[in-house]
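A.B. asks:
There are 4 protein chains.
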Amino acid sequence: MAKKSGDKYEAILDAAAKIIGEVGYHKAQISKIAREANVAEGTIYLYFENKQDLLLSLFQKRFGEFIVNLKNELNTAKTPLEKLRKLVTRHLENSEKDRNFAQVTQIELRQADRALRQKLSELLRDYFTIIENIIDEGKEQGIFRSDISTKVIRRMIFGTLDEMVSSWLLSSRQYSLSKQAKDAVELFCHGFLVKNND
Amino acid sequence: MAKKSGDKYEAILDAAAKIIGEVGYHKAQISKIAREANVAEGTIYLYFENKQDLLLSLFQKRFGEFIVNLKNELNTAKTPLEKLRKLVTRHLENSEKDRNFAQVTQIELRQADRALRQKLSELLRDYFTIIENIIDEGKEQGIFRSDISTKVIRRMIFGTLDEMVSSWLLSSRQYSLSKQAKDAVELFCHGFLVKNND
Amino acid sequence: MAKKSGDKYEAILDAAAKIIGEVGYHKAQISKIAREANVAEGTIYLYFENKQDLLLSLFQKRFGEFIVNLKNELNTAKTPLEKLRKLVTRHLENSEKDRNFAQVTQIELRQADRALRQKLSELLRDYFTIIENIIDEGKEQGIFRSDISTKVIRRMIFGTLDEMVSSWLLSSRQYSLSKQAKDAVELFCHGFLVKNND
Amino acid sequence: MAKKSGDKYEAILDAAAKIIGEVGYHKAQISKIAREANVAEGTIYLYFENKQDLLLSLFQKRFGEFIVNLKNELNTAKTPLEKLRKLVTRHLENSEKDRNFAQVTQIELRQADRALRQKLSELLRDYFTIIENIIDEGKEQGIFRSDISTKVIRRMIFGTLDEMVSSWLLSSRQYSLSKQAKDAVELFCHGFLVKNND
DNA sequence: AATGAATGAGAGTTCATTCAT
DNA sequence: GATGAATGAACTCTCATTCAT
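In the order they appear, the protein sequences are chains H, S, C and V.
Every position in the first sequence, counted from 1, becomes a number in this note's numbering once 1 is added.
Every position in the second sequence, counted from 1, becomes a number in this note's numbering once 1 is added.
Every position in the third sequence, counted from 1, becomes a number in this note's numbering once 1 is added.
Every position in the fourth sequence, counted from 1, becomes a number in this note's numbering once 1 is added.
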């Protein structure tokens with residue numbers, strides 16, 4: 002397999018993101034991706050083992066970049082709350098900016114073989130760890146409640162973001178996704194119950 | 002097409018739920034479903050238009066039953082908060098009880114054609130409306146905060162439940178899903194911020 | 002897989018023999034064989050696991066029939082020499098009659114995977130055993146020389162017949178193959194050395 | 002095309018003999034042969050027109066050398082019988098020494114296109130002529146029987162040798178091939194019939 | 001002469017769907 | 001209604017060959 006540098010590798014990944022984003026993984030034919038990338042079908046197999054490996058590499062690269070950028074940004078935040086705000090904002094902004102990738106992440110990754118899903122969830126685990134670290138940090142500093150398990154909180158945060166992106170993707174995308182970041186964080190922090198209703 | 006009653010119709014739906022739950026929609030062969038249902042392949046096409054219609058009908062029926070039961074139960078609840086608690090509990094309990102169906106709902110529905118997804122989201126909309134009605138009722142009664150959009154709250158609730166089920170499905174399912182209902186509701190209501198940290 | 006009875010099974014085998022005989026195993030496309038058999042491509046896979054299995058089945062059936070017929074005929078012969086004459090005659094006659102099959106046996110079987118070749122040579126072993134039994138019977142009766150190993154004699158007999166068929170196939174087939182049976186047997190028995198030249 | 006000399010030319014032929022001998026002509030990938038020869042894939046096409054030409058050249062060269070050596074040796078033999086002995090011995094010895102080449106000759110040459118097979122049999126014809134010349138010489142000298150056609154005798158000799166080599170190749174090659182030369186010649190000359198059984 | 005990345009035609013196989021019985 | 005053998009379009013992947021460097 003050729004090295005992962007060079008125009009073609011990138012062109013194929015871009016084409017794959019576009020086609021898969023448009024028609025879904027199963028309906029995305031290698032021939033279409035090749036045409037979109039201005040490359041022969043066989044060329045794809047110089048850079049990727051097979052179709053599944055292409056999807057995996059696509060996710061790996063894009064998500065990896067997102068994670069790296071996110072980590073850098075989180076380092077500039079002081080409090081866990083500030084970190085959470087940045088994470089939520091980045092997640093929604095990124096999905097809004099790269100619709101194709103969001104589509105792949107949200108929709109396509111859930112299908113495919115058990116084996117593939119396994120590998121993909123390993124990649125997601127990095128993201129989960131970042132979220133859980135923020136939560137644990139907040140708990141240690143006495144800012145976040147310790148009586149609810151970190152995992153449940155993480156699932157609320159990720160699930161909410163995920164659902165927000167899904168809704169937005171399935172809608173006509175006429176509203177701004179990232180502008181809902183503030184509301185989401187507010188909800189996470191205080192819930193929707195009016196204070197004196199305990 | 003035969004009417005939607007009779008042993009075979011049910012047998013096929015059960016078989017479909019089982020096979021799709023096990024191997025996913027795309028890998029679920031009609032021949033396997035037929036064999037599981039003790040029915041000839043062609044028979045399936047007497048009851049369903051095509052494979053996609055089978056998936057759709059499966060979801061429709063199972064989800065419809067869930068919605069009906071849910072509505073009945075919600076009628077016995079007095080406050081919006083109580084209603085929310087019942088909804089969360091039923092959602093998690095139901096997923097835990099019928100793993101195959103949860104698998105289909107969570108994972109398989111997200112793929113497939115735009116057309117199918119469209120129809121499915123119409124079915125989900127019923128559920129969304131139920132959730133949003135509870136929220137609006139709470140807002141009207143001054144129990145729930147009115148400064149956050151109903152849709153965002155709904156997405157948090159559904160997204161969280163969805164993610165909780167997904168996590169549980171991808172895990173070895175060694176923990177009880179429905180036992181986390183209380184924590185989830187607590188989070189929805191008060192958030193995870195310690196009170197004096199405003 | 003469907004049962005091995007019925008028109009289609011036979012039609013496919015016949016078509017395969019014809020096409021493979023004409024262009025060789027590797028160049029024999031499933032689509033061509035299907036068209037020749039007046040059958041859809043997929044139908045072939047109802048009767049055979051894959052292309053290789055088709056070749057194997059073809060050989061198995063045809064060669065099996067030949068072996069059965071041969072055994073019956075050998076039972077009517079009294080002396081080992083008479084048996085040898087019948088075997089040689091049948092071998093050449095059969096090849097002459099069914100040119101396609103001869104082609105497959107001689108040429109195509111030698112290629113393909115080690116695995117396939119292994120299976121095929123197991124089938125041939127039946128034939129080898131028949132030849133060797135005749136030789137051993139002759140040795141026991143003191144008619145055939147015991148100072149030369151049965152295997153070497155068998156290889157001479159089979160190799161000679163094989164080569165005669167090969168030559169005939171590669172030639173324009175203008176001469177009668179089976180008419181050389183007598184010469185062949187004469188050679189096997191007495192060699193080509195003039196008697197007083199020891 | 003480069004001239005048929007030089008290190009690379011030889012290296013490619015050697016590599017081809019090795020790879021083809023191991024996995025067969027059809028499964029022998031140009032890329033593998035190139036790697037084995039420490040040469041770029043494209044380089045092979047500087048020395049050979051295509052894959053088929055490579056196989057042909059391989060046979061041509063190796064078989065040509067064998068023929069030249071054989072002719073030289075036959076010149077030192079006085080009687081036709083002595084010549085036959087030398088030919089049989091050389092044939093078996095050569096096959097035993099260069100297993101890869103034997104494999105190619107026996108197995109791979111039989112497949113491939115009609116066109117290729119045609120060219121190859123032209124090369125073999127040289128060998129056939131040598132054998133037939135020995136037979137005719139023997140007939141003229143009254144040593145060999147004139148009542149059996151030269152071609153049939155030649156086919157017996159070549160077919161027997163061929164089958165002996167084939168058997169040996171398909172076996173685990175635990176026995177000595179060349180040691181059976183004497184038995185073979187004995188069979189050719191006197192047949193396997195005990196003398197007083199005419 | 002030498003390279004090896006790129007090409008793209010080609011072929012086996014799968015499987016949802018049909019239809020004669 | 002029920003069957004299941006038959007269909008054939010669709011699609012991934014291979015690999016001999018080319019050609020710009």
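Yeah, the Cβ is synthetic: ideal placement off N, Cα and C, and Gly gets one too.
Among residues of its own chain, excluding the 5 on either side of N39/V, which ones have a beta-carbon nearer than 8 Å to its beta-carbon?
C.D. replies: Stepping through the fourth sequence from its first residue, residue 39/V is reached at position 38. Within the same chain, N39/V has close Cβ partners A12.
A.B. asks: List the whole-angstrom C-beta distance separating V166/H from A103/H, where the pair is believed to meet the contact cut-off of C-beta under 8 Å.
C.D. replies: For the purposes of this step, residue 166/H is taken as the residue at position 165 of the first sequence. For the purposes of this step, residue 103/H is taken as the residue at position 102 of the first sequence. That belief holds up - the Cβ atoms of V166/H and A103/H are roughly 6 Å apart, short of 8 Å.
A.B. asks: Under 8 Å between C-beta atoms, does Q181/S make it to chain H?
C.D. replies: The residue labelled residue 181/S in the question sits at position 180 within the second sequence. So, interface residue.
A.B. asks: Taking CB distances under 8 Å as the criterion, tell me whether A78/H reaches chain S.
C.D. replies: Within the first sequence, residue 78/H is the residue found at index 77, counting from 1. By this cut-off, A78/H is not an interface position.
A.B. asks: Would the beta-carbon of D163/S fall within 8 Å of that of T151/S?
C.D. replies: Mapped onto the second sequence, residue 163/S falls at position 162. Mapped onto the second sequence, residue 151/S falls at position 150. No. Outside cutoff.
A.B. asks: Check the DSSP bridge columns for L194/S and list the partner residues they point to.
C.D. replies: In the second sequence, counting from the first residue as 1, residue 194/S sits at position 193. DSSP, once it has assigned bridges, lists F145/H as partnering L194/S.
A.B. asks: For G139/S and T44/S, I'd like the C-alpha separation in whole angstroms.
C.D. replies: To locate residue 139/S, count along the second sequence from 1; it is residue 138. To locate residue 44/S, count along the second sequence from 1; it is residue 43. Using only the alpha carbons, I get a separation of about 49 Å.
A.B. asks: Pick out whichever of F189/C, A182/C, E94/C and F67/C has its Cα sitting closest to the Cα of M157/C.
C.D. replies: Position 156 of the third sequence, counting from 1, holds the residue named residue 157/C. Looking at the Cα atoms, F189/C is the closest of the given residues.
A.B. asks: Do S58/V and L14/V come within 8 Å of each other at the CB atom, strictly closer than that value?
C.D. replies: Along the fourth sequence, read from residue 1 onward, the residue named residue 14/V stands at position 13. Along the fourth sequence, read from residue 1 onward, the residue named residue 58/V stands at position 57. Yes, these two residues count as a Cβ contact at 8 Å.
A.B. asks: Using a threshold of 8 Å, state whether the C-beta atoms of A18/H and L93/H are closer than that.
C.D. replies: In the first sequence, the residue the question calls residue 18/H occupies position 17. In the first sequence, the residue the question calls residue 93/H occupies position 92. It is not a contact, given that the beta carbons lie outside the stated cut-off.
A.B. asks: Is the separation between the beta-carbon of I149/C and that of L88/C shorter than 8 Å?
C.D. replies: Locating residue 149/C in the third sequence gives position 148, counting from the first residue. Locating residue 88/C in the third sequence gives position 87, counting from the first residue. Contact: no.
A.B. asks: Measure from the alpha carbon of Q142/V to the alpha carbon of each residue in I31/C, Q142/C and L194/C, then state which is nearest.
C.D. replies: Here the question's residue 142/V lines up with position 141 in the fourth sequence. Q142/V has its Cα closest to that of L194/C, out of I31/C, Q142/C and L194/C.
A.B. asks: For V153/H, which option in K120/S, W169/S, S147/S and F145/S has the closest C-alpha, if you only look at C-alpha atoms?
C.D. replies: Counted from its first residue, the first sequence places residue 153/H at position 152. Answer by Cα proximity: W169/S.
A.B. asks: Would you tell me roughly how many angstroms separate the C-alpha atoms of L82/S and G192/H, rounded to the nearest one?
C.D. replies: Taking the second sequence and counting its residues from 1, one reaches residue 82/S at position 81. Taking the first sequence and counting its residues from 1, one reaches residue 192/H at position 191. If you take the alpha carbons of L82/S and G192/H, they lie about 13 Å apart.
A.B. asks: Among the residues of its own chain, which have a CB less than 7 Å from the CB of F64/V, if the five just before and after it don't count?
C.D. replies: The residue given as residue 64/V occupies position 63 in the fourth sequence. These residues qualify, in order along the chain: L124.
A.B. asks: For chain S, find out if any of its Cβ atoms is closer than 8 Å to the Cβ of D184/H; answer yes or no.
C.D. replies: Within the first sequence, residue 184/H is the residue found at index 183, counting from 1. Chain S contact via Cβ: present.
A.B. asks: Hey, how far is the Cα of R91/C from the Cα of I132/V?
C.D. replies: Along the third sequence, one-based indexing puts residue 91/C at 90. Along the fourth sequence, one-based indexing puts residue 132/V at 131. Distance between the alpha carbons of R91/C and I132/V is about 28 Å.
A.B. asks: Are there 16 or more other CB atoms within 10 angstroms of the CB of V69/H, so buried, or fewer, so exposed?
C.D. replies: Locating residue 69/H in the first sequence gives position 68, counting from the first residue. Taking every protein chain shown into account, the CB of V69/H has fewer than 16 other CB atoms within 10 angstroms, so this residue is exposed.
A.B. asks: So with Cβ pairs under 8 Å, would you call V153/C a contact of chain V?
C.D. replies: The residue given as residue 153/C occupies position 152 in the third sequence. For V153/C, the answer is yes, since a Cβ of chain V falls inside 8 Å of its Cβ.
A.B. asks: Just to confirm the assignment, what range does the alpha helix (DSSP H) spanning K62/C have?
C.D. replies: Here residue 62/C refers to the residue found at position 61 of the third sequence. It spans K52 to N76 - the alpha helix (DSSP H) in which K62/C sits, taken as one unbroken run.
A.B. asks: Does R91/H have its Cβ less than 8 Å from a Cβ in chain S?
C.D. replies: Within the first sequence, residue 91/H is the residue found at index 90, counting from 1. Answer no: the Cβ-Cβ gap between R91/H and chain S never drops below 8 Å.
A.B. asks: Helix, strand or coil: how does DSSP classify T130/H here?
C.D. replies: Here residue 130/H corresponds to residue number 129 of the first sequence, with the count starting at 1. In the structure shown, T130/H sits in a helix (DSSP, three-state: H, G or I).
A.B. asks: Taking CB distances under 8 Å as the criterion, tell me whether F145/C reaches chain V.
C.D. replies: Residue mapping note: residue 145/C aligns to position 144 of the third sequence, counting from 1. Interface residue, yes.
A.B. asks: So is A3/V in contact with chain C if we call contact Cβ pairs under 8 Å?
C.D. replies: Translated into positions along the fourth sequence, residue 3/V becomes position 2. Unreliable placement is indicated for A3/V, whose pLDDT of 49 sits below 50; the coordinate value is still reported in the next sentence. Not closer than 8 Å to any Cβ of chain C, the Cβ of A3/V fails to qualify, so no.
A.B. asks: Taking DSSP as the reference, what is the three-state secondary structure of A12/H?
C.D. replies: Position 11 of the first sequence, counting from 1, holds the residue named residue 12/H. If DSSP states are grouped into helix, strand and coil, A12/H belongs with the helices.
A.B. asks: Using 8 Å for Cβ pairs, my map puts V105/S next to I21/S. What's the rounded Cβ distance?
C.D. replies: Counting from 1 along the second sequence, the entry for residue 105/S is found at position 104. Counting from 1 along the second sequence, the entry for residue 21/S is found at position 20. Indeed they touch by this definition, with Cβ atoms about 5 Å apart.
A.B. asks: Closest by CA to N95/S, which one among A35/S, D54/S and S179/S?
C.D. replies: Mapped onto the second sequence, residue 95/S falls at position 94. For the options A35/S, D54/S and S179/S, the alpha carbon positioned closest to that of N95/S is the one of S179/S.
A.B. asks: Give the secondary structure of F49/H by DSSP, where H, G and I count as helix, E and B as strand, and everything else as coil.
C.D. replies: For the purposes of this step, residue 49/H is taken as residue 48 along the first sequence, with counting starting at 1. In this structure, F49/H counts as coil in the three-state DSSP scheme.
A.B. asks: For A35/S, count neighbouring C-beta atoms within 10 Å of its own C-beta (all shown protein chains included) and say buried if the count is 16 or more, exposed if not.
C.D. replies: One-based indexing of the second sequence puts residue 35/S at position 34. A35/S is buried by the Cβ-count criterion.
A.B. asks: Distance check for L47/S and L55/V, CA to CA, integer angstroms please.
C.D. replies: If you number the fourth sequence from 1, residue 55/V lands on position 54. If you number the second sequence from 1, residue 47/S lands on position 46. When rounded, the distance between both Cα atoms is 59 Å.
A.B. asks: Helix, strand or coil for N39/H, going by three-state DSSP, please let me know.
C.D. replies: Position 38 of the first sequence, counted from the start, is the residue given in the question as residue 39/H. The answer is coil: DSSP assigns N39/H none of H, G, I, E or B.
A.B. asks: I'd like the span of the alpha helix (DSSP H) that includes S168/V, first residue to last.
C.D. replies: For the purposes of this step, residue 168/V is taken as the residue at position 167 of the fourth sequence. S168/V -> alpha helix (DSSP H) spans T151 to L171.
A.B. asks: Any beta-carbon of chain H closer than 8 Å to the one on L14/S?
C.D. replies: Taking the second sequence and counting its residues from 1, the one referred to as residue 14/S is at position 13. It does not: the Cβ of L14/S has no partner Cβ on chain H nearer than 8 Å.
A.B. asks: Given that a residue counts as buried once 16 or more other Cβ atoms are within 10 Å of its Cβ, and exposed if not, what is Y26/V?
C.D. replies: Against the fourth sequence, residue 26/V aligns to sequence position 25. Buried, because 16 or more other Cβ atoms sit within 10 Å of the Cβ of Y26/V.
A.B. asks: Identify whether K19/C lies in helix, strand or coil by the three-state DSSP scheme.
C.D. replies: For this step, residue 19/C is matched to residue 18 along the third sequence. In this structure, K19/C counts as helix in the three-state DSSP scheme.
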